[in-house]
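In this note's numbering, the protein residues as written are 2 to 359. Cβ coordinates follow ideal geometry from the N, Cα and C atoms, glycine included. None of these values were measured; they are calculated from a predicted model.
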């Protein structure tokens, strides 16, 4: 046999082996890998935008939709504050309708106090105007006025003294607030006592009574509106789950959130070239980093929208976690394996060539 034919023998053997492999009915699983991100089934969050306005939203990671979005608008110049309820700590479990906290508007609270004082004064005036007073009552009202003026004088002195201490940071704000409230209350008492005394000594006309009643009605309507608005600033848990308090405060802040821990959803990007071979029958599995916990997931959605990630055309696969454990946390990144049906070696090579070279 010539040297030229001898050189062709290895090639012929290789071709026979390759041909034999294609003809042998061996099947192997068609698997590929990707990196996935774990999310809760739902998430409620309270945020602020760049202008400092608060807003909340409920994100459904199963459907990908924002189920609810509420904006809490405050007037320009208002001081808005967030106060969490007692026992609301990071990672604490909450139930649906639990009070998480309240958004406090300084302007609304001041206006409420002002209106309540006005309504109280007008109510006392109406009672005095309509009843009429005797000399004994007038004397009592005069003594009441004198006493209230003395109390106001003392409250003013305390307020001025504590104002200086507060400005010098000698006392806490809550201690100063108590003194300020006493001063406001004493001032209101003088107004009421003075009004009662003047009415008892001078008397009023029916038209004046009607005017006060109209003013009182208008103030009560505004009071009702402001109280309803304040109730909307009470934050209630929309569902049961776990409370997360953000420890980091970027420009657009997510102060607090509640995650629905009853179910977890896996988001994993897949190169568009794999799209013809994706199906809802495929299984996904991964290990929790740092553990030997093997987690399984079932595909629930394959998106039809292409996104560019690091110059690659990608589609997203969403899967429901079948065996959740306490090690699963929202935002955890995991290395996933997507497993399809077993296919012949010929089909496997065909798919591989199609994915990487076509």
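Tell me which residues share the same chain as residue i and place their Cβ nearer than 7 Å to its Cβ, disregarding the 5 neighbours each side in the sequence.
| i | result |
| --- | --- |
| residue 262 | 41, 242 and 243 |
| residue 271 | 35, 279, 315, 316 and 318 |
| residue 292 | 328 |
| residue 123 | 213, 216 and 217 |
As a quick exercise: from the options, pick the residue whose alpha carbon is nearest that of residue i.
| i | options | result |
| --- | --- | --- |
| residue 269 | 29, 28, 27 and 33 | 33 |
| residue 227 | 187, 93, 90 and 114 | 114 |
| residue 285 | 154, 300 and 84 | 300 |
| residue 225 | 116, 173 and 167 | 116 |
| residue 274 | 259, 264, 210 and 352 | 352 |
| residue 76 | 107, 68, 67 and 90 | 107 |
| residue 1 | 357, 292 and 316 | In the structure as shown, the chain begins at 2 and stops at 359. Residue 1 is therefore absent and cannot be evaluated. |
| residue 55 | 278, 67 and 71 | 71 |
| residue 364 | 73, 85 and 64 | With the chain running from 2 to 359 in the structure shown, residue 364 is simply not present. |
| residue 35 | 341, 336 and 128 | 336 |
| residue 259 | 69, 101, 221 and 51 | 101 |
| residue 185 | 238, 111, 168 and 169 | 111 |
| residue 230 | 29, 281 and 104 | 104 |
| residue 289 | 277, 311, 322 and 305 | 322 |
| residue 192 | 170, 120 and 211 | 120 |
| residue 304 | 312, 295, 277 and 325 | 277 |
Can you tell me whether residue i is buried or exposed? The criterion is at least 16 other CB atoms within 10 Å of its CB, across all chains shown.
| i | result |
| --- | --- |
| residue 87 | exposed |
| residue 156 | buried |
| residue 182 | exposed |
| residue 283 | buried |
| residue 44 | buried |
| residue 60 | buried |
| residue 216 | exposed |
| residue 357 | exposed |
| residue 319 | buried |
| residue 27 | exposed |
| residue 95 | buried |
| residue 163 | buried |
Excluding the five sequence neighbours on either side, which residues of its own chain have a C-beta within less than 8 Å of the C-beta of residue i, listed in chain order?
| i | result |
| --- | --- |
| residue 2 | For residue 2, the predicted structure reports a pLDDT of 49, less than 50, and the residue's modelled location is therefore unreliable. A value from the coordinates is still provided. Excluding residues within five positions, none has a Cβ falling inside 8 Å. |
| residue 254 | 48, 49 and 247 |
| residue 309 | 315 |
| residue 190 | 149, 152 and 153 |
| residue 98 | 237 and 238 |
| residue 233 | 73 |
Identify the residues that DSSP records as bridge partners of residue i: which are they?
| i | result |
| --- | --- |
| residue 342 | According to DSSP, which records beta bridges pairwise, residue 342 is partnered with nothing at all. |
| residue 272 | 315 |
| residue 243 | 94 and 260 |
| residue 35 | 337 |
| residue 139 | Its beta-bridge partners do not exist; DSSP assigns none. |
| residue 100 | 237 |
| residue 63 | None, per the DSSP bridge assignment. |
Check the C-beta distance from residue i over to residue j and give it rounded, since I have them as a contact under 8 Å.
| i | j | result |
| --- | --- | --- |
| residue 62 | residue 266 | 5 Å |
| residue 194 | residue 236 | Contact flag wrong, Cβ pair sits at about 41 Å. |
| residue 197 | residue 127 | So it is not a contact: roughly 11 Å between Cβ atoms. |
| residue 349 | residue 29 | 6 Å |
| residue 201 | residue 139 | 5 Å |
Contact criterion: CB-CB distance below 9 Å. Does residue i meet it with respect to chain B?
| i | result |
| --- | --- |
| residue 41 | Absence of chain B from the displayed structure is noted, only one protein chain being present. |
Give every residue of the same chain whose Cβ lies closer than 6 Å to the Cβ of residue i, excluding the five residues on either side of it in the sequence, and list them in chain order.
| i | result |
| --- | --- |
| residue 314 | 273 and 307 |
| residue 69 | 59 |
| residue 91 | 246 |
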